[in-house]
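S.K.: Before anything else, here's the structure in question.
Residue numbers (my numbering): 0 to 254.
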């Protein structure tokens, strides 16, 4: 990369401030950035850029770790066999009438789906969405970890999961984040949505698909890679990682 501050700042802006990346923090940005661009003291440049980002300062706060000891869960053996789910409430009603996000996370790969729903959705509607967006893509999970939301403890939901052979595990009232996964994902999602709305305007739901992409395609310290890499074996292609396809080209393979 040439020693051109204007060019470097433009690249940093394009990499940091679009919905594909949704104002990722300095560490994540560096890990996602370093394989594509390089210059002397690049990590420092990224850190300073993020510190000076007005939108980030408006949104992001220091997330204090709980003093309570977490009870670590067993590491799953297979992808999307052990999942967590939670509802995030408090959103303004979108143009489509949705005001809740249903978060579903695979405990092994950390890959996630962010599903917009209405608070008034019936259990039948939630079940149909679950089959369409989770079972269709990943198969039937072995277990689901959730809080004791009435929708998850209902007879209907228990009967559905029992018929599919999925075990339901519930976190305790005193320690709802048994492994901290739901809490971390919720905080990240809320930060990413706020930055998009503050920076670009518009309705939160319009950014949700790209925020899900940005989350799954960003470095996660707990697995030392992106959820996409953990799930698919490669980082998903974006305007930043346009040259990363994770396999040989057809021409190379056939030639």
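Glycine is no exception: its CB is placed at the ideal position from the N, C-alpha and C atoms. Predicted, not measured: the structure shown is a model, and the values here were computed from it.
Using the rule of at least 16 other Cβ atoms within 10 Å of the residue's Cβ for burial, across every protein chain shown, is residue 63 buried or exposed?
M.R.: At residue 63, the pLDDT of 45 sits below 50, so the modelled position is not reliable; the number obtained from the coordinates is stated separately. Classification for residue 63: exposed.
S.K.: Alpha carbon to alpha carbon, what distance is there between residue 202 and residue 125?
M.R.: 23 Å
S.K.: State whether the stretch 125-135 contacts the stretch 221-235, with contact taken as three or more CB pairs (one from each stretch) at a distance under 8 Å.
M.R.: no
S.K.: Here's the rule: buried if 16 or more other CB atoms are within 10 angstroms of the residue's CB, otherwise exposed. What is residue 119?
M.R.: Residue environment: residue 119 is assigned as exposed (fewer than 16 neighbouring CB atoms within 10 Å of its CB, all protein chains considered).
S.K.: Would you decide whether residue 211 is buried or exposed? Buried here means 16 or more other CB atoms lie within 10 Å of its CB.
M.R.: Classification of residue 211: buried, given that the 10 Å Cβ count is 16 or more.
S.K.: State the Cα-Cα distance for the pair residue 61 and residue 108, rounded to the nearest angstrom.
M.R.: Residue placement at residue 61 cannot be trusted, given a pLDDT of 45 that sits under 50; what the coordinates show is reported in the next sentence. For residue 61 and residue 108, the distance between alpha carbons rounds to 25 Å.
S.K.: Tell me the rounded alpha-carbon separation between residue 178 and residue 74.
M.R.: Its pLDDT being 49, under 50, residue 178 is placed unreliably in this model, and the coordinates cannot settle the point.
S.K.: Are the Cβ atoms of residue 83 and residue 181 separated by less than 9 Å?
M.R.: yes
S.K.: Reducing DSSP to helix, strand and coil, say where residue 146 ends up.
M.R.: Three-state DSSP puts residue 146 in coil, outside helix and strand.
S.K.: Is it buried or exposed, residue 85, if we count other Cβ atoms within 10 angstroms and call 16 or more buried?
M.R.: buried
S.K.: What residue range does the alpha helix (DSSP H) around residue 203 cover?
M.R.: Counting along the chain, the alpha helix (DSSP H) containing residue 203 begins and ends at 203-215.
S.K.: Would you call the stretch 184-201 and the stretch 212-223 in contact, with 3 or more CB pairs under 8 Å?
M.R.: yes
S.K.: Where does residue 157 fall in DSSP's three states?
M.R.: helix
S.K.: Taking 8 Å as the threshold, find out whether the stretch 158-171 comes into contact with the stretch 96-116 through three or more Cβ pairs.
M.R.: no
S.K.: Quick check on residue 166: does DSSP put it in helix, strand or coil?
M.R.: strand
S.K.: Residue 93 and residue 204 - do their beta-carbons sit closer together than 9 Å?
M.R.: The answer is yes: Cβ separation under 9 Å.
S.K.: For residue 72, write down the residues that DSSP places opposite it in a beta bridge.
M.R.: Note: residue 72 sits in no beta bridge, so no partner.
S.K.: Can you tell me the Cα-Cα spacing of residue 134 and residue 200, whole angstroms?
M.R.: So the two alpha carbons sit approximately 33 Å from each other.
S.K.: Which class does residue 226 belong to by DSSP, given the choice of helix, strand or coil?
M.R.: helix
S.K.: Taking only runs of the alpha helix (DSSP H) that begin and end inside the stretch 77-153, which ones reach a length of at least 4 residues, in chain order?
M.R.: 122-129, 149-152
S.K.: Using the C-alpha atoms, what's the distance from residue 138 back to residue 194?
M.R.: 33 Å
S.K.: Name the DSSP bridge partner or partners of residue 219?
M.R.: 224
S.K.: If I measure Cβ to Cβ from residue 219 and keep anything under 7 Å in the same chain, skipping five residues before and after, which residues do I get?
M.R.: 109, 225, 226
S.K.: Please state the DSSP three-state secondary structure of residue 237.
M.R.: Correct three-state label for residue 237: coil.
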